[in-house]
Amino acid sequence: MSRSFREEIDAQGVSLITLDRPERLNALTFEVYRELTDRFAALADDERVRAVVLAGAGRAFCSGGDVKEIIGQLIDRSPAEVLAFTRMTGELIANMRKLPKPVVAAVHGIAAGAGAVIALASDLRVFARDARIAFLFTRVGLTGADMGAGFLLPRVVGTGRAAEILLLGETLDAATAERFGLVTRLVDQGETLPEALRLARGLAAGPTAALATTKRLLDAEWTMDLDSAIEAEAQAQAVHLLQPDHREYHAAFSERRPAVFSGARAAAGGSRGA
């Protein structure tokens with residue numbers, strides 16, 4: 000079955016997912032939401048994939064929900080149907096955050112509305128210098144806290160900046176987005192995807208089990224007190240100190256060679272020797 004996006008998995012284990020409606024600035028439809036949501040759920044168990052890059056075809060990353068194919072249709076739907084839709088959009092973001100593999104967004108042109116939240120939900124964001132991002136929900140009479148933006152944005156830029164961004168709904172240029180803390184790398188036009196792929200391939204070659212734990216704890220620790228967070232990290236690190244990737248690092252250091260990480264976990268009750 001053809002998808003509403005393109006996906007290529009390279010030899011390094013990076014899945015490049017490209018939103019592919021360039022004539023509509025990659026605006027999202029009901030179909031795109033559903034297929035992306037399902038794909039991010041499936042990526043968790045796809046052993047070919049160790050990292051993900053999200054990009055947009057043509058002149059933009061993603062201009063948000065399609066005005067004709069989503070917004071116009073929702074006006075005439077029942078409250079139950081509208082709620083089912085908003086829950087599905089949130090499911091996409093939840094699947095991105097729960098994915099135990101790093102996600103890098105390659106943002107060029109505009110990332111607006113849902114497109115802005117998808118970029119936000121990625122672990123790393125590479126912006127072109129001419130890119131713009133707009134959490135424009137209040138500008139169209141909707142709550143700025145949508146699809147998890149009210150949860151995620153304060154954790155990236157702080158509560159004060161999040162309030163400014165979500166309440167005003169203004170379009171931020173790349174330089175402002177970088178100053179606010181939304182941008183991981185700021186690159187020249189045309190370098191967004193190459194830089195995103197470079198970062199993703201570096202992550203894919205790394206200790207992916209340890210990266211997955213890092214991603215999980217970054218989200219989980221926001222609801223913990225300090226003692227609980229320190230204990231959670233202590234338990235996690237105790238596990239990883241006994242895992243094959245850390246042992247491989249030690250062996251590579253001793254042998255003065257580059258480490259080759261597998262992302263594998265030792266079986267319970269396995270060897271505990273150095």
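Sequential numbering from 0 applies to the sequence shown in numbering that gives the first Met the number 0. For each residue, glycine too, the CB sits at the ideal point set by N, CA and C. On a predicted model such as this, the values are computed, not experimentally measured, just so you know.
Using the three-state DSSP reduction, which class does residue 141 fall into: helix, strand or coil? coil
Count the C-beta pairs between the stretch 234-242 and the stretch 188-195 that are closer than 8 Å, then say yes if the count reaches three, no if not. Output reads no: the stretch 188-195 does not touch the stretch 234-242.
Between the CA atoms of residue 55 and residue 15 - distance to the nearest angstrom: Between the alpha carbons of residue 15 and residue 55 lies a distance of about 10 Å.
For residue 105 and residue 199, the rounded distance between their alpha carbons: 11 Å
If you count every other CB in all the chains shown that lies within 10 Å of the CB of residue 100, and 16 or more means buried, which is it? buried
Counting Cβ pairs closer than 8 Å, one from the stretch 248-264 and one from the stretch 204-213, do we hit at least three? yes
I'd like to know whether the C-beta atoms of residue 120 and residue 134 end up nearer to each other than 8 Å. no
How far does the beta strand (DSSP E) with residue 175 in it reach, from first residue to last? Premise fails: residue 175 lies in the alpha helix (DSSP H), 173-179, not in any beta strand (DSSP E).
Just list the residues that DSSP pairs residue 310 with in beta bridges. This structure cannot speak to residue 310, because the chain is shown only from 0 to 273.
Here's a check: name, in chain order, each residue in its chain whose Cβ is nearer than 7 Å to the Cβ of residue 76, leaving out the five neighbours to either side. Taking residue 76 as the centre and dropping the five residues before and after it, the same chain places no C-beta closer than 7 Å to its C-beta.
Which term fits residue 118, buried or exposed, when burial requires 16 or more other beta carbons within 10 angstroms of its beta carbon? buried
Return the CA-CA distance between residue 178 and residue 3, expressed in angstroms with no decimal places. 34 Å
At which residues does the beta strand (DSSP E) containing residue 182 begin and terminate? That residue, residue 182, is in no beta strand (DSSP E); it is neither H nor E in DSSP.
Alpha carbon of residue 28 to alpha carbon of residue 69, nearest angstrom: 6 Å
Between the alpha carbons of residue 222 and residue 211, how many angstroms are there, rounded? 18 Å
Are the stretch 17-24 and the stretch 76-95 touching, with three or more C-beta to C-beta distances below 8 Å? no
Does the stretch 154-164 come within contact of the stretch 241-252, defined as at least 3 CB pairs closer than 8 Å? When C-beta atoms of the stretch 154-164 are compared with those of the stretch 241-252, fewer than three pairs fall below 8 Å, so the two segments do not count as touching.
Starting from residue 133, follow its DSSP beta bridges and name the residues at the other end. 111 and 170
Sort out for me which residues DSSP pairs residue 64 with in a bridge. 27
Leaving aside the five residues before and after residue 57 along the sequence, list all residues of the same chain whose C-beta is less than 6 Å from its C-beta, in chain order. 21
Have a look at residue 5 and residue 18 and give me their C-alpha separation to the nearest angstrom. 7 Å
Leaving out five residues before and five after residue 138 in sequence, what residues of the same chain have Cβ atoms less than 6 Å from its Cβ? 168
For residue 241 and residue 272, the rounded distance between their alpha carbons: With a pLDDT of 33 at residue 272, under the threshold of 50, the predicted position of this residue should be treated as unreliable, and no value is reported.
I need the DSSP call for residue 39, collapsed to helix, strand or coil. helix
Are the stretch 79-99 and the stretch 41-52 touching, with three or more C-beta to C-beta distances below 8 Å? yes
Using a Cβ-Cβ cutoff of less than 7 Å, which residues in the same chain neighbour residue 202 once the five nearest sequence positions on both sides are dropped? 50, 101 and 210
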